[in-house]
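Participant: The structure that follows is given in the form of structure tokens.
Number of protein chains: 2
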Amino acid sequence: MPYQPISASIAEQFKNIVGGENVVTDHDQLEKYAHDETEDLKYYPEVVVKPETPEQISELMKLCNEHVIPVTPRGGGTGLSGAALPVKGGLLISMERFNKIITIDERNLQATVEPGVITEEFINAVKEKGLLYPVDPSSKGSCFIGGNMAHGSGGPRVVKYGTIREYVLNLQVVLPSGDIIWTGANTLKYASGYNLTQLMIGSEGTLGIITKIVVKLISRPSHDLLMLASFSTNEEACAAVSAIFRAGITPSALEFMERRGVEWVIEYDHIRFDLKDGAEAFLLVEVDGTNPDTLFMEAEVINQVLEDNGCSDVLLADSSAQKEELWRMRRTMAVSVKSNSVYKEEDTVVPRAELPALIHGIKEIGKIYGFESVCYGHAGDGNLHVNIIKGSMSDEDWQSKLKDGIREIFELTVSLGGTLSGEHGIGLVQREYMPLKYSEVHFNLMRGIKHAFDPKGILNPGKMIPDFIN
Amino acid sequence: MPYQPISASIAEQFKNIVGGENVVTDHDQLEKYAHDETEDLKYYPEVVVKPETPEQISELMKLCNEHVIPVTPRGGGTGLSGAALPVKGGLLISMERFNKIITIDERNLQATVEPGVITEEFINAVKEKGLLYPVDPSSKGSCFIGGNMAHGSGGPRVVKYGTIREYVLNLQVVLPSGDIIWTGANTLKYASGYNLTQLMIGSEGTLGIITKIVVKLISRPSHDLLMLASFSTNEEACAAVSAIFRAGITPSALEFMERRGVEWVIEYDHIRFDLKDGAEAFLLVEVDGTNPDTLFMEAEVINQVLEDNGCSDVLLADSSAQKEELWRMRRTMAVSVKSNSVYKEEDTVVPRAELPALIHGIKEIGKIYGFESVCYGHAGDGNLHVNIIKGSMSDEDWQSKLKDGIREIFELTVSLGGTLSGEHGIGLVQREYMPLKYSEVHFNLMRGIKHAFDPKGILNPGKMIPDFIN
Numbered sequence: 031m032p033y034q035p036i037s038a039s040i041a042e043q044f045k046n047i048v049g050g051e052n053v054v055t056d057h058d059q060l061e062k063y064a065h066d067e068t069e070d071l072k073y074y075p076e077v078v079v080k081p082e083t084p085e086q087i088s089e090l091m092k093l094c095n096e097h098v099i100p101v102t103p104r105g106g107g108t109g110l111s112g113a114a115l116p117v118k119g120g121l122l123i124s125m126e127r128f129n130k131i132i133t134i135d136e137r138n139l140q141a142t143v144e145p146g147v148i149t150e151e152f153i154n155a156v157k158e159k160g161l162l163y164p165v166d167p168s169s170k171g172s173c174f175i176g177g178n179m180a181h182g183s184g185g186p187r188v189v190k191y192g193t194i195r196e197y198v199l200n201l202q203v204v205l206p207s208g209d210i211i212w213t214g215a216n217t218l219k220y221a222s223g224y225n226l227t228q229l230m231i232g233s234e235g236t237l238g239i240i241t242k243i244v245v246k247l248i249s250r251p252s253h254d255l256l257m258l259a260s261f262s263t264n265e266e267a268c269a270a271v272s273a274i275f276r277a278g279i280t281p282s283a284l285e286f287m288e289r290r291g292v293e294w295v296i297e298y299d300h301i302r303f304d305l306k307d308g309a310e311a312f313l314l315v316e317v318d319g320t321n322p323d324t325l326f327m328e329a330e331v332i333n334q335v336l337e338d339n340g341c342s343d344v345l346l347a348d349s350s351a352q353k354e355e356l357w358r359m360r361r362t363m364a365v366s367v368k369s370n371s372v373y374k375e376e377d378t379v380v381p382r383a384e385l386p387a388l389i390h391g392i393k394e395i396g397k398i399y400g401f402e403s404v405c406y407g408h409a410g411d412g413n414l415h416v417n418i419i420k421g422s423m424s425d426e427d428w429q430s431k432l433k434d435g436i437r438e439i440f441e442l443t444v445s446l447g448g449t450l451s452g453e454h455g456i457g458l459v460q461r462e463y464m465p466l467k468y469s470e471v472h473f474n475l476m477r478g479i480k481h482a483f484d485p486k487g488i489l490n491p492g493k494m495i496p497d498f499i500n
Numbered sequence: 031m032p033y034q035p036i037s038a039s040i041a042e043q044f045k046n047i048v049g050g051e052n053v054v055t056d057h058d059q060l061e062k063y064a065h066d067e068t069e070d071l072k073y074y075p076e077v078v079v080k081p082e083t084p085e086q087i088s089e090l091m092k093l094c095n096e097h098v099i100p101v102t103p104r105g106g107g108t109g110l111s112g113a114a115l116p117v118k119g120g121l122l123i124s125m126e127r128f129n130k131i132i133t134i135d136e137r138n139l140q141a142t143v144e145p146g147v148i149t150e151e152f153i154n155a156v157k158e159k160g161l162l163y164p165v166d167p168s169s170k171g172s173c174f175i176g177g178n179m180a181h182g183s184g185g186p187r188v189v190k191y192g193t194i195r196e197y198v199l200n201l202q203v204v205l206p207s208g209d210i211i212w213t214g215a216n217t218l219k220y221a222s223g224y225n226l227t228q229l230m231i232g233s234e235g236t237l238g239i240i241t242k243i244v245v246k247l248i249s250r251p252s253h254d255l256l257m258l259a260s261f262s263t264n265e266e267a268c269a270a271v272s273a274i275f276r277a278g279i280t281p282s283a284l285e286f287m288e289r290r291g292v293e294w295v296i297e298y299d300h301i302r303f304d305l306k307d308g309a310e311a312f313l314l315v316e317v318d319g320t321n322p323d324t325l326f327m328e329a330e331v332i333n334q335v336l337e338d339n340g341c342s343d344v345l346l347a348d349s350s351a352q353k354e355e356l357w358r359m360r361r362t363m364a365v366s367v368k369s370n371s372v373y374k375e376e377d378t379v380v381p382r383a384e385l386p387a388l389i390h391g392i393k394e395i396g397k398i399y400g401f402e403s404v405c406y407g408h409a410g411d412g413n414l415h416v417n418i419i420k421g422s423m424s425d426e427d428w429q430s431k432l433k434d435g436i437r438e439i440f441e442l443t444v445s446l447g448g449t450l451s452g453e454h455g456i457g458l459v460q461r462e463y464m465p466l467k468y469s470e471v472h473f474n475l476m477r478g479i480k481h482a483f484d485p486k487g488i489l490n491p492g493k494m495i496p497d498f499i500n
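Residue numbers (the working numbering), protein chains in the order written: chain X, 31 to 500; chain H, 31 to 500.
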């Protein structure tokens, strides 16, 4: 059955469920829900609702399921793959009122939070208890923790502390049927049937709507050291990444930045930094722990590795302020690139020792297709964000050549043992590239899983799985 | 369509696929494949095959899928939930010839292995390269790494290093259709569609047969300290567990053992240990790292926490030999319990601060139903193995009362936020208890996932999901 528009009578029922003040239908007010941070895409929902309880979402889902109305869940709207865009119209469920930290359980080192809590607010709340929740994407100041779950979001500290998968223990989820389930248990280990918790992570709102989250917390390291290393080529900087791990060190962050990105961020964010001639690529390396002596020992090992890999200069941050300045440089890079040029961001990920080949190849592909790029990312994970910049490219070339160039970048990524996205997801904009990595057999498994959760295909249609239709 | 028996002509085709010498049909030779380590269950397969390549398994699966013949994959046969038992007869695929470590990639700190590699052999092979694969179940000397994946197996070091989920990057899987896929990419992060890799972990051979495994490796800590702490009650020992984490320490192992288990293991394995009067419960606490000073600092903190929680005596192992002896005590506990009595093992897991309530409740339930129990396990994870021992219980009581007692133990576990199994799986023997934790809605999602992979239900039937039929 094709998707149905939202009738006046159904819109009225939405109001009965969530209250009239939490239903948006005015075109101007819908605008803010029509885009995320993915380039300049715009898709208007017919109606936005702002529920406050799982039971309200359950009622909404039952109604939409019955009437085959597309439903798109939305977190903080900071997504970079268009996954929160209501491409088929219909209802958009904004999770903004699910903004409570329910408990921080210091006995068990667990917390239960609602999905609309801003990630940084949660990080700060557990920090006050002396604890660490180490999943901190660059957008942490505005993204929602539920969106992080739905996208398998990462951030710089994944390299030491593990991915978001390692921190989520249990999820309350409203299914397209309206049924409310808990996916697992509040336990650190789980071998009790298919792991629906893990299946939800990275499912981009296509299987169910997350309404409560139980996460693991860990004790907070008391000390850290931060270094910025300069290299004269991208390849040298990237080669040093895997060398650091091979020397027996697991940094708590290992970030790569290209010179162009650093230039732009200095200009955009007025960061004080002495950018030397010949410094073409940078690694931001952090180690943390409880014993400062250990950290200095590790810093010495890292220093030696950096030197052996052609590093021309190492800056050891000597104050909290300088650490914050260096981190700000890295975190503000995305927005400073965005402010400088029309761009298209891809989120490549490869085994980390393949980074030199990846970045070399990206630049070669750029030469063929006539585009430049600014690369940065979580190099310790092999995760490189590639910002293809329009620069002086003509609109016509940008329209016609970009897709082929991106395709070649993904082909390279896959050939190096990598995949299309490490943490931004597939959503709308990477969907067409999925066949570069996966077969129809793979897609059919995905379609079968989707069907088990959402037989009418109402939830976040048009995302992730090529050609999944209702 | 009901399951079909294996005809002579199909058995002949098996021989064509894997070679006659790799097909077992003789009843006596089938016996070794008719049981695992789960109590005294025995289910004979009709035929056992020992393929050597994914392509052979693909051919076998196509044939069995076409003729609706049940297929049970089998690893090392060390399972504790009966998941490898061919309860519907049919074909058993033994993975014993998939025993090659294909590559240990020191550049990327990854390894590619076949699923029939014995876990300890793999651990030792990476150790020779100065690396660590920290997933080491007690059965590591005979279990297969593929079985570990299929069951979400754990072991003592999960508490610091993360579960097996954090180490598996990519899996080659043969589906019931005979199609061969890779579930993901060889990358540390992954946000590229439903995570089929994670879905396979803990799926107990019901979705596909794992034929290659890519795992993450980490650098090896150079030092460790091991302590054995004695307590006069189980509850005190269990309460100290969460207190250690709250003091900011993450031990590399934190194991609980009851006195009875220690007595039996001393007797069974001739371990030299001065078991003092009044020492009723023990914690084995390990810390590891690169800096011995840090470890001694951590040991002091732990010591204080233990004392504050009523610990009567702490033994700090002063030699490698003593460490090995203490670890052997813990590892041999399962088999020594088994040698002492008819028993039934359950694998409860709760949030770790609920352990005192769990163990207290288990003993109370035992008093009601007239059974004793010996408990031990990975207390740092909240994972308690409960060995219900028959002892002097009459056969009649053992048969009639045991199930109700186990049911009460699981009800208690679930009420404490836990679940049925942390690392042993559901398999055959825990299946009937699944409704204590999960609803029909949950089971229907599991059935839908199963259907997407295995529409005819040929793969490992009769396991995990209640009432899943073909």
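No residue lacks a Cβ here, since even glycine has one placed at the ideal position from N, Cα and C. All values reported here derive from a predicted model rather than from experimental measurement.
Classify R195 (chain H): buried if its beta carbon has 16 or more other beta carbons within 10 angstroms, exposed otherwise.
Facilitator: Taking the second sequence and counting its residues from 1, the one referred to as residue 195 (chain H) is at position 165. Under this definition R195 (chain H) is a buried residue.
Participant: How many whole angstroms separate the CB atoms of F261 (chain X) and E310 (chain X), which I take to be in contact at a CB cut-off of 8 Å?
Facilitator: One-based indexing of the first sequence puts residue 261 (chain X) at position 231. One-based indexing of the first sequence puts residue 310 (chain X) at position 280. Rounded, the Cβ-Cβ distance is 7 Å, consistent with contact.
Participant: Quick one: which residues of the region 196 to 223 of chain X get their C-beta closer than 9 Å to a C-beta of chain H? List them in chain order.
Facilitator: The region 196 to 223 of chain X vs chain H, Cβ under 9 Å: E196, L199, N200, L205, S207, D209, I210, I211, W212, T213, G214, A215, N216, T217, L218, K219, Y220, A221, S222 and G223.
Participant: Please compile the residues from chain H whose C-beta is within a distance smaller than 8 Å of the C-beta of K467 (chain X).
Facilitator: Sequence index remark: in the first sequence, residue 467 (chain X) carries index 437 (1-based). Simply A215 and S222.
Participant: Which class does D209 (chain H) belong to by DSSP, given the choice of helix, strand or coil?
Facilitator: In the second sequence, residue 209 (chain H) corresponds to position 179, counting from 1. It is coil, neither helix nor strand.
Participant: Taking the continuous alpha helix (DSSP H) assigned at I47 (chain X), which residues delimit it?
Facilitator: Counting from one through the first sequence, the residue named residue 47 (chain X) turns up at place 17. Run containing I47 (chain X): A38 to V48, per the alpha helix (DSSP H) assignment.
Participant: So that I know if they touch, is there some Cβ in chain X lying closer than 8 Å to that of P145 (chain H)?
Facilitator: Counting from one through the second sequence, the residue named residue 145 (chain H) turns up at place 115. By this cut-off, P145 (chain H) is not an interface position.
Participant: Spatial neighbours of Y463 (chain H) within its chain, please: CB distance less than 6 Å, with the 5 preceding and 5 following residues excluded, ordered by chain position.
Facilitator: For this step, residue 463 (chain H) is matched to residue 433 along the second sequence. Same-chain partners within the cutoff: F440 and L450.
Participant: Counting pairs of Cβ atoms below 8 Å between the region 151 to 162 of chain H and the region 341 to 350 of chain H, do you hit three or more?
Facilitator: With the cut-off at 8 Å, the region 151 to 162 of chain H and the region 341 to 350 of chain H do not touch.
Participant: Mind listing which residues of the region 420 to 447 of chain H have their C-beta closer than 7 Å to chain X's C-betas, in chain order?
Facilitator: Those would be G447, in chain order.
Participant: Could you check what DSSP says for A270 (chain H) in three-state terms: helix, strand or coil?
Facilitator: As a position in the second sequence, residue 270 (chain H) is number 240, starting the count at 1. Helix, per DSSP.
Participant: How about the region 222 to 235 of chain X and the region 187 to 202 of chain X: do they share at least three Cβ pairs that are nearer than 8 Å?
Facilitator: They touch, by the three-pair rule.
Participant: Closer than 8 Å, CB to CB, is N46 (chain X) near chain H or not?
Facilitator: In the first sequence, counting from the first residue as 1, residue 46 (chain X) sits at position 16. No, its Cβ sits nowhere closer than 8 Å to a Cβ of chain H.
Participant: Can you tell me whether F326 (chain X) is buried or exposed? The criterion is at least 16 other CB atoms within 10 Å of its CB, across all chains shown.
Facilitator: As a first step, residue 326 (chain X) is located in the first sequence; it is residue number 296 there, counting from the start. By the neighbour-count rule (16 or more Cβ atoms within 10 Å), F326 (chain X) is not buried but exposed.
Participant: Find the residues of chain H that neighbour G478 (chain X), judging by a C-beta separation of less than 8 Å, and give them in chain order.
Facilitator: On the first sequence, position 448 is the one that residue 478 (chain X) refers to. In chain order: G478, I479, H481, A482 and F483.
Participant: Can the beta-carbon of E354 (chain H) be found closer than 8 Å to that of V416 (chain H)?
Facilitator: As a position in the second sequence, residue 354 (chain H) is number 324, starting the count at 1. As a position in the second sequence, residue 416 (chain H) is number 386, starting the count at 1. The answer is no: Cβ separation not under 8 Å.
Participant: From the DSSP secondary-structure annotation, give me the bridge partner or partners of E402 (chain X).
Facilitator: For this step, residue 402 (chain X) is matched to residue 372 along the first sequence. According to DSSP, which records beta bridges pairwise, E402 (chain X) is partnered with X:I419.
Participant: Do you know how far the Cα of M91 (chain X) is from the Cα of A114 (chain H)?
Facilitator: The sequence position of residue 114 (chain H) within the second sequence is 84, counting from 1. The sequence position of residue 91 (chain X) within the first sequence is 61, counting from 1. Computed Cα separation, rounded: 40 Å.
Participant: So, at 6 Å on beta carbons, what are the nonlocal neighbours of S366 (chain H) in its own chain, with the 5 sequence-adjacent residues on each side left out?
Facilitator: As a position in the second sequence, residue 366 (chain H) is number 336, starting the count at 1. Closer than 6 Å at the Cβ level, and outside the excluded window around S366 (chain H), lie W294, V295 and Y298.
Participant: Could you work out which residue in X:Y73, X:P81, X:D377 and X:G119 is closest to E51 (chain X) when comparing CA atoms only?
Facilitator: Your numbering for residue 51 (chain X) matches position 21 in the first sequence. Comparing Cα-Cα distances from E51 (chain X) to each of X:Y73, X:P81, X:D377 and X:G119, the minimum goes to X:P81.
Participant: If you draw a straight line from the alpha carbon of N474 (chain H) to that of Q43 (chain H), how long is it in whole angstroms?
Facilitator: One-based indexing of the second sequence puts residue 474 (chain H) at position 444. One-based indexing of the second sequence puts residue 43 (chain H) at position 13. Rounded to the nearest angstrom, the two C-alpha atoms are 36 Å apart.
Participant: Start and end of the alpha helix (DSSP H) containing F152 (chain H)?
Facilitator: Numbered from its first residue, the second sequence carries residue 152 (chain H) at position 122. Unbroken alpha helix (DSSP H) run through F152 (chain H): T149 to K157.
Participant: Buried or exposed for Q59 (chain H), going by 16 or more other Cβ atoms inside 10 Å?
Facilitator: Translated into the one-based positions of the second sequence, residue 59 (chain H) becomes position 29. Burial call: exposed.
Participant: Does DSSP classify A387 (chain X) as helix, strand or coil?
Facilitator: The count along the first sequence starts at 1 and reaches residue 387 (chain X) at position 357. It is helical.
Participant: Give me the Cα-Cα distance between Y191 (chain H) and G457 (chain H), rounded to the nearest whole angstrom.
Facilitator: Looking up residue 191 (chain H) in the second sequence gives position 161. Looking up residue 457 (chain H) in the second sequence gives position 427. C-alpha separation (whole angstroms): 26 Å.
Participant: Identify which residue in X:G214, X:N216 and X:C341 has its Cα closest to the Cα of F270 (chain X).
Facilitator: The residue labelled residue 270 (chain X) in the question sits at position 240 within the first sequence. A small correction: the amino acid at residue 270 (chain X) is Ala; Phe does not occupy that position in the sequence shown. If we check each option's Cα against that of A270 (chain X), X:C341 comes out closest.
Participant: Taking C-beta pairs closer than 9 Å, name the residues in chain X that T193 (chain H) reaches, listed in chain order.
Facilitator: Reading the second sequence from its first residue, position 163 is the one you call residue 193 (chain H). Those are E196, L218, K219 and Y220, listed as they occur along chain X.
Participant: Between N500 (chain X) and chain H, is the shortest Cβ-Cβ distance under 8 Å, so that the two count as touching?
Facilitator: Within the first sequence, numbered from 1, the residue matching residue 500 (chain X) stands at position 470. Because N500 (chain X) sits at a pLDDT of 42, beneath the cut-off of 50, its placement in the model cannot be relied upon, and the following sentence gives the value as read from the coordinates. Chain H contact via Cβ: absent.
Participant: Counting Cβ pairs closer than 8 Å, one from the region 479 to 488 of chain X and one from the region 475 to 485 of chain H, do we hit at least three?
Facilitator: Contact holds: three or more Cβ-Cβ distances are below 8 Å.
Participant: For a contact defined as C-beta to C-beta under 9 Å, what are the partners of G235 (chain H) on chain X?
Facilitator: Position 205 of the second sequence, counted from the start, is the residue given in the question as residue 235 (chain H). Neighbours of G235 (chain H) on chain X: none; closest Cβ ~12 Å, over 9 Å.
Participant: Tell me whether G457 (chain X) sits in a helix, a strand or coil according to DSSP, three-state version.
Facilitator: If you number the first sequence from 1, residue 457 (chain X) lands on position 427. In the structure shown, G457 (chain X) sits in coil (DSSP, three-state: anything other than H, G, I, E or B).
Participant: Here's a check: name, in chain order, each residue in its chain whose Cβ is nearer than 8 Å to the Cβ of I436 (chain X), leaving out the five neighbours to either side.
Facilitator: One-based indexing of the first sequence puts residue 436 (chain X) at position 406. Around I436 (chain X): K374, E376, I418 and Y463.
Participant: Is the Cβ of D338 (chain X) closer than 8 Å to any Cβ of chain H?
Facilitator: On the first sequence, residue 338 (chain X) is found 308 positions in, with the first residue counted as 1. It does not; no Cβ of chain H falls within 8 Å.
Participant: Between which residues of its own chain and M179 (chain X) is the CB-CB distance below 8 Å, once the five residues before and five after are set aside?
Facilitator: For the purposes of this step, residue 179 (chain X) is taken as the residue at position 149 of the first sequence. Closer than 8 Å at the Cβ level, and outside the excluded window around M179 (chain X), lie P145, I194, V198, L201, M230, I231, I240 and I243.
Participant: On the DSSP letters alone, give me the boundaries of the alpha helix (DSSP H) that C429 (chain H) sits inside.
Facilitator: Here residue 429 (chain H) is taken as the residue at index 399 of the second sequence, counted from 1. As written in the sequence, residue 429 (chain H) is Gln, which differs from the Cys given in the question. That run of the alpha helix (DSSP H) goes D425 to S445.
Participant: Span of the alpha helix (DSSP H) holding S451 (chain X)?
Facilitator: Counting from 1 along the first sequence, the entry for residue 451 (chain X) is found at position 421. Here S451 (chain X) belongs to no alpha helix (DSSP H), and DSSP marks it neither H nor E.
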